[in-house]
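Engineer: Quick one: structure below, then a few questions.
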Amino acid sequence: MRIGAVIPCAGRGSRMGPGDPKQFLELEGKPIIAWAAERLQSSPLVETIVIAAPGDQIEFMKSIVAGQRLSKVCAVVAGGPRRQDSVRNGFRALDEESAGLVLIHDGVRPFFDPAIIESLLAELSEADAAIVGVRAKDTIKLSDCRQIIRSTPSRDTVWIAQTPQLFRRSDLQAAFERADSEHFSGTDEATLVERLGKSVAIVEGSYDNIKVTTPEDFELARIIARRKQVSV
Numbered sequence: 178m179r180i181g182a183v184i185p186c187a188g189r190g191s192r193m194g195p196g197d198p199k200q201f202l203e204l205e206g207k208p209i210i211a212w213a214a215e216r217l218q219s220s221p222l223v224e225t226i227v228i229a230a231p232g233d234q235i236e237f238m239k240s241i242v243a244g245q246r247l248s249k250v251c252a253v254v255a256g257g258p259r260r261q262d263s264v265r266n267g268f269r270a271l272d273e274e275s276a277g278l279v280l281i282h283d284g285v286r287p288f289f290d291p292a293i294i295e296s297l298l299a300e301l302s303e304a305d306a307a308i309v310g311v312r313a314k315d316t317i318k319l320s321d322c323r324q325i326i327r328s329t330p331s332r333d334t335v336w337i338a339q340t341p342q343l344f345r346r347s348d349l350q351a352a353f354e355r356a357d358s359e360h361f362s363g364t365d366e367a368t369l370v371e372r373l374g375k376s377v378a379i380v381e382g383s384y385d386n387i388k389v390t391t392p393e394d395f396e397l398a399r400i401i402a403r404r405k406q407v408s409v
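If you want it as structure tokens, here you go:
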């Protein structure tokens, strides 16, 4: 079954501070979004890519696509006010025949290993969906609304969710429809699919697969980018 990818990158990045949106910041002379898209493009399993960009940055995003020769990008669409809206807009732009499976990847995760897509696909033989994640290194505390600790889950069962995340197209469509009807907002697509009672497997990824959302993240990303450039 063919895989179509959606890259949500319409966020304004308030945590990053003033300046260009975080997805357009450059690492080693290349925008973060280009790093992410190039990794998807390098996978032989990915047939086509849709990018959901800020509505006022569509042409700029298209210029990046052309400049970086991202030939698998079939469309650049306007994102929405929430990540969920951006992914849905990108999802709608994917051709049904070329995307029976849908892969979602954050536009500000520039360092994922494309080989992990094959591992995600393998998990679909038994699970309904599959995501990348890493084990929690810190002790996690669950609190109430007054920030009083109520429980401490075992780190053996706590994972930090990442992307990419792989879904069957029909499941993702149903998940969006249910979320819309119930006015539910999730922080990733796995959350929406879980609400359908679907099984979602976790494939262990890498701690290098960071999400660049703060100035501290960007500094770490610069270090990782330099290391990866040297190792090429």
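Residue numbers for the sequence shown follow my numbering, so the first one is 178 and each next one is one higher. Glycine included, each C-beta is placed from N, C-alpha and C at the ideal position.
On the three-state DSSP scale, how would you describe A292?
Structural biologist: Here residue 292 refers to the residue found at position 115 when the sequence shown is read from its first residue. A292 falls in the coil class under three-state DSSP.
Engineer: Between R345, V380 and E203, which lies nearest to A398 when the distance is taken from Cα to Cα?
Structural biologist: Looking up residue 398 in the sequence shown gives position 221. Out of R345, V380 and E203, E203 has the C-alpha closest to the C-alpha of A398.
Engineer: Take A306 as the anchor and find which of G267, E205 and D348 has the nearest alpha-carbon.
Structural biologist: Within the sequence shown, the letter at position 129 stands for residue 306. Answer by Cα proximity: D348.
Engineer: Can you give me the C-alpha to C-alpha distance between E366 and Q406, rounded to a whole angstrom?
Structural biologist: In the sequence shown, the residue the question calls residue 366 occupies position 189. In the sequence shown, the residue the question calls residue 406 occupies position 229. Distance between the alpha carbons of E366 and Q406: 31 Å.
Engineer: Measuring CA to CA, which of R327, R323 and D315 is closest to I337?
Structural biologist: Working through the sequence shown from its first residue, we reach residue 337 at position 160. I337 has its Cα closest to that of D315, out of R327, R323 and D315.
Engineer: Using CA coordinates, which residue listed in V279, V309, L278 and A276 is at the minimum distance from A292?
Structural biologist: The count along the sequence shown starts at 1 and reaches residue 292 at position 115. Among V279, V309, L278 and A276, the Cα nearest to that of A292 is on V309.
Engineer: Based on DSSP bridge pairs, tell me the residues matched to P185.
Structural biologist: By 1-based counting over the sequence shown, the position of residue 185 is 8. P185 is bridged to A229.
Engineer: Run through the DSSP bridge pairs and tell me what F237 is partnered with.
Structural biologist: Within the sequence shown, numbered from 1, the residue matching residue 237 stands at position 60. DSSP lists no partner for F237.
Engineer: Per DSSP, what kind of secondary structure is F144 in: helix, strand or coil?
Structural biologist: An answer regarding residue 144 cannot be provided, because it is not within the stretch 178 to 409 covered by the chain.
Engineer: Considering I210, what are the terminal residues of the alpha helix (DSSP H) in which it resides?
Structural biologist: On the sequence shown, residue 210 is found 33 positions in, with the first residue counted as 1. Counting along the chain, the alpha helix (DSSP H) containing I210 begins and ends at I209 to Q218.
Engineer: Consult DSSP for T340 and reduce its assignment to one of helix, strand or coil.
Structural biologist: For the purposes of this step, residue 340 is identified with residue 163 of the sequence shown, where counting begins at 1. Three-state result, T340: strand.
Engineer: Any idea if I326 is buried or exposed, counting beta-carbon neighbours within 10 angstroms, 16 or more meaning buried?
Structural biologist: Working through the sequence shown from its first residue, we reach residue 326 at position 149. Exposed, by the Cβ-count rule.
Engineer: DSSP state of E205, grouped into three classes?
Structural biologist: By one-based count along the sequence shown, residue 205 stands at place 28. Residue state, collapsed to three classes: coil.
Engineer: Using three-state DSSP, classify V370 as helix, strand or coil.
Structural biologist: As a first step, residue 370 must be located in the sequence shown, where it is residue number 193. In the structure shown, V370 sits in a helix (DSSP, three-state: H, G or I).
Engineer: Which term fits V224, buried or exposed, when burial requires 16 or more other beta carbons within 10 angstroms of its beta carbon?
Structural biologist: Translated into positions along the sequence shown, residue 224 becomes position 47. It is Glu, not Val, that sits at residue 224 in the sequence shown. Buried, since its Cβ has 16 or more Cβ neighbours within 10 Å.
Engineer: So who's on the other strand from V309, going by DSSP bridges?
Structural biologist: Taking the sequence shown and counting its residues from 1, one reaches residue 309 at position 132. V380.
Engineer: Going by DSSP in three states, M178 sits in which element: helix, strand or coil?
Structural biologist: For the purposes of this step, residue 178 is taken as residue 1 along the sequence shown, with counting starting at 1. Of the three classes helix, strand and coil, the one that applies to M178 here is coil, per DSSP.
Engineer: Let's see if you can read the secondary structure: which residues bound the alpha helix (DSSP H) around L349?
Structural biologist: For the purposes of this step, residue 349 is taken as the residue at position 172 of the sequence shown. Unbroken alpha helix (DSSP H) run through L349: R346 to S358.
Engineer: Determine whether the beta carbon atoms of R265 and F344 lie at a separation below 7 Å.
Structural biologist: By 1-based counting over the sequence shown, the position of residue 265 is 88. By 1-based counting over the sequence shown, the position of residue 344 is 167. Cβ distance not < 7 Å, so R265 and F344 don't count as in contact.
Engineer: By the 10 Å Cβ neighbour count, where 16 or more other Cβ atoms means buried, how is F361 classified, buried or exposed?
Structural biologist: The sequence position of residue 361 within the sequence shown is 184, counting from 1. By the neighbour-count rule (16 or more Cβ atoms within 10 Å), F361 is not buried but exposed.
Engineer: Report the three-state DSSP secondary structure of E224 (helix, strand or coil).
Structural biologist: Mapped onto the sequence shown, residue 224 falls at position 47. Three-state result, E224: strand.
Engineer: Does the Cβ of C322 have 16 or more other Cβ atoms within 10 Å, making it buried, or fewer, making it exposed?
Structural biologist: Taking the sequence shown and counting its residues from 1, the one referred to as residue 322 is at position 145. With fewer than 16 Cβ atoms within 10 Å of its Cβ, C322 is classed as exposed.
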